[in-house]
Amino acid sequence: MSAISSLSSTVSQPLSTTTPVTTNSKSAAWQEFVSQRRPEVQQLKDALQSGDLAAAQKDYNSLVALGNKFNESNPFPRADRALDFNAIGGALQNGDLAGAQQAFAALHSTFVQRPATSQTTSPAPVNLSDVSASDAKAVNVIA
């Protein structure tokens, strides 16, 4: 028996290549959180759009409670969204409906996907019939 086959028989091999349960349960908890957060955010949006300050404050507090339920300090863990969400709360606390609407618009804009823009431009095509024999010495053609 060779040293390699002897070594492979004594080294334990993994029984499974599946993801650990803790990762799956975290993912499932996050999906549940997001699915519960979505209608709450819609209610807040509707209250702000209708100008109902009291309902907006109630909906904001429901989102805070939902975040607490899922051990999140803010229902929007991403920093820019958390700041926008906190701005909504501050505006509502001050009775500033317009400020809350503006902060909600900022929060909403972080979820809107913008079309990808090309940062690089391709060079303009060269018409080889316009190149004279004297220019041909300076032209690099790549096939």
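Taking the working numbering, the leading residue of the sequence shown gets 1, the next gets one more, and so forth.
Here a beta-carbon is modelled for each residue, glycine too, at the ideal position from N, C-alpha and C.
- If you ignore the 5 residues before and after G89, its C-beta comes within less than 7 Å of the C-beta of Y60, all in its own chain and listed in chain order.
- Under the three-state reduction of DSSP output, V34 falls in the helix class.
- Our two residues, Q101 and N74, have alpha carbons roughly 19 Å apart in a direct line.
- For R81, the uninterrupted alpha helix (DSSP H) run begins and ends at 79–93, by DSSP.
- For A65, same chain residues with a beta-carbon under 6 Å away, outside a window of 5 residues either side, do not exist.
- The continuous stretches of alpha helix (DSSP H) do not include Q113, and DSSP gives it neither H nor E.
- Taking the Cβ atoms as the reference, A106 lies roughly 5 Å from D84, within the contact range of under 8 Å.
- With fewer than 16 other CB atoms across the displayed protein chains lying within 10 angstroms of its CB, V112 is exposed.
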